[in-house]
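Working notes for the structure below.
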Amino acid sequence: MATRTPASRERAAQLFHALSDPTRLSIIRRLRLSERCVCDLTEALDSAQSRLSFHLKVLKDAELVTDRREGRWMYYTLNTDRLEEMAQLLEELASPPSPSERKNGCC
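Here the sequence shown is numbered in the numbering used here, starting from 38 and rising by one per residue.
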């Protein structure tokens, strides 16, 4: 496992924070199937559009979703590259440390 830089640790924290809310996880689950209009997500999640917009902004800032405008509606798509990045981060965290990463001495 490579030593993580402060920037990459911050990026990992941003990605995991973006998925730390049940509403955002529900959005991701729905976007796994296909692109969705914000009005569809609002109805499916039984949520006010303003509340949903906040959660979509968090996901967009973490680059987990992308959006496009069509007329007055916004359509959201899952960014699978970012989910793969998260899977790699989890693999790194789950792998045993290399000998150079282990501390010498007691404790």
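Heads up, the beta-carbon is just placed ideally off N, CA and C, and yes, glycines get one too.
DSSP places Glu72 outside both helix and strand once states are collapsed to three, so it counts as coil. For Leu127, the enclosing alpha helix (DSSP H) covers residues 117-131. The three-state reading of DSSP puts Asp58 in coil, since its state is none of H, G, I, E or B. Going by DSSP, Arg106 is part of no alpha helix (DSSP H) but of the beta strand (DSSP E) stretching over 102-107. Using a 10 angstroms sphere on the CB of His54, the tally of other CB atoms stays under 16, which defines it as exposed.
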